[in-house]
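Quick note: the sequence shown uses UniProt numbering, first residue 1, plus one each step.
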Amino acid sequence: MSKPEIRTVNVVRYIQPLREGGSLPGLVEADDDFKYVIKFRGAGQGKKALVAELIGGELARAIGLQVPELVFMQLDGTLSRLEADEEIQDLLKFSDGLNLGLHYLSGAITYDPLVSIADELSASKVVLLDSMISNVDRTHRNTNMLNWKKELWLIDHGASLYFHHAWKSWEDHAKRTFPKVKEHVMLDRASKLEEAASAIKTIITPEVIEQIVSVVPDDFLIQEGDDTTPEEKRKVYATVLQTKLSNLDLLTKEAIDARKGII
Numbered sequence: 001m002s003k004p005e006i007r008t009v010n011v012v013r014y015i016q017p018l019r020e021g022g023s024l025p026g027l028v029e030a031d032d033d034f035k036y037v038i039k040f041r042g043a044g045q046g047k048k049a050l051v052a053e054l055i056g057g058e059l060a061r062a063i064g065l066q067v068p069e070l071v072f073m074q075l076d077g078t079l080s081r082l083e084a085d086e087e088i089q090d091l092l093k094f095s096d097g098l099n100l101g102l103h104y105l106s107g108a109i110t111y112d113p114l115v116s117i118a119d120e121l122s123a124s125k126v127v128l129l130d131s132m133i134s135n136v137d138r139t140h141r142n143t144n145m146l147n148w149k150k151e152l153w154l155i156d157h158g159a160s161l162y163f164h165h166a167w168k169s170w171e172d173h174a175k176r177t178f179p180k181v182k183e184h185v186m187l188d189r190a191s192k193l194e195e196a197a198s199a200i201k202t203i204i205t206p207e208v209i210e211q212i213v214s215v216v217p218d219d220f221l222i223q224e225g226d227d228t229t230p231e232e233k234r235k236v237y238a239t240v241l242q243t244k245l246s247n248l249d250l251l252t253k254e255a256i257d258a259r260k261g262i263i
């Protein structure tokens, strides 16, 4: 796999907020005439959520899951002057600079586990991906998936890789399994976990992980009051993911055991 190519576009118009979750993403138009769902650097979890979104999304794409195109989005904070809502004004102002966007899937519907489309292998891949990246936010309460053109699409990985909110614990985190898999919305459909694990191990190598992590911009990794360099942080992300990959059999067994408890 070659290094993911992430385009950069400029936001030209803020259309409306998408009041889902705590990050308040927005629908915007860019200078390529396409619409995107923008994830703001000035939102609650800040730039770390953008890092998780980027890494999680590109890992999902690498293993054959559908993810809307991810783009870097340059936002001019002066767009805030055009907004009447003070909360939106502040969000735009504090998000001046580089943000992250997902191509807007017009007409997509929120994944509903009772009626939506998801084949067993894809469901199994989603469960194991989320176990690898410690995604705590793909439950019945908040599926963070869409059905679009009769296909399953993954969105919103911002709650993943939560070890980066407390860097000192990253080595312990890397060795842990993912007990919250028992709450995963896809677990009941994930009847091909061993097949999915085999596919993931074939595709995701340490080199692939390094390629994906390498596209995270320095700007997303620089934190005020933190002297750790962007390159040092990329090495931590890569090491955590490589450790999770080496423990994929454990994560798979954990998911299989959790599945036995719900079917």
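Ideal Cβ placement from N, Cα and C applies to all residues, glycine included.
Query, Result
"Check the DSSP bridge columns for Trp170 and list the partner residues they point to.", "Partner(s): none; Trp170 has no beta bridge."
"Round the Cβ separation of Gly158 and Glu53 to the nearest angstrom and send it over; I've been treating them as touching at under 8 Å.", "5 Å"
"Sort Ser80, Glu69 and Ser134 by Cα distance to Leu245 and report the nearest one.", "Ser134"
"Hey, could you find the ends of the alpha helix (DSSP H) Tyr104 is sitting in?", "Element bounds for Tyr104: n/a, residue is neither H nor E."
"In angstroms, rounded to a whole number, what distance separates the CA positions of Phe94 and Ile88?", "10 Å"
"Helix, strand or coil for Val181? Go by DSSP, reduced to three states.", "helix"
"Tell me the DSSP bridge mates of Pro17?", "Gly26"
"Roughly how far, in whole angstroms, is the beta-carbon of Ile212 from the beta-carbon of Ile55, given that I think they are within contact range, below 8 Å?", "6 Å"
"Would you grab the beta carbon distance between Met73 and Val126 for me? Rounded to a whole angstrom, and I think it's under 8 Å.", "26 Å between Cβ atoms; not a contact."
"Since I believe Ala196 is in contact with Ser116 (beta carbons under 8 Å), could you give me their beta-carbon distance rounded to a whole number of angstroms?", "The Cβ separation is near 19 Å, so there is no contact."
"Within the same chain, show all residues whose beta-carbon is closer than 6 Å to that of Glu69, passing over the 5 residues directly before and after it, in chain order.", "His103"
"Could you check what DSSP says for Gly97 in three-state terms: helix, strand or coil?", "strand"
"Return the CA-CA distance between Gly46 and Asn10, expressed in angstroms with no decimal places.", "20 Å"
"Can you give me the C-alpha to C-alpha distance between Asp32 and Pro4, rounded to a whole angstrom?", "20 Å"
"Report the option in Asp188, Ala255 and Gly77 whose CA atom is closest to the CA atom of Asp119.", "Asp188"
"Per DSSP, what are the beta-bridge partners of Gln223 in this structure?", "Answer by DSSP bridge pairing: none, since Gln223 is not bridged."
"Taking Cβ to Cβ, would you say Ala108 is nearer than 8 Å to Trp153?", "yes"
"Here's the rule: buried if 16 or more other CB atoms are within 10 angstroms of the residue's CB, otherwise exposed. What is Leu50?", "buried"
"Among Asp85, Ser106, Asp226 and Gly97, which one has its Cα closest to the Cα of Arg41?", "Gly97"
"Could you tell me the distance, in whole angstroms, from the CA atom of Pro17 to the CA atom of Leu27?", "6 Å"
"Tell me whether the beta-carbon of Gly101 lies closer than 8 Å to the beta-carbon of Val12.", "no"
"What separation, rounded to the nearest whole angstrom, lies between the Cα atoms of His140 and Glu183?", "8 Å"
"Is Ser54 helix, strand or coil when you go by DSSP?", "Residue identity differs from the one stated: residue 54 is Leu in this sequence, not Ser. The answer is helix: DSSP assigns Leu54 an H, G or I state."
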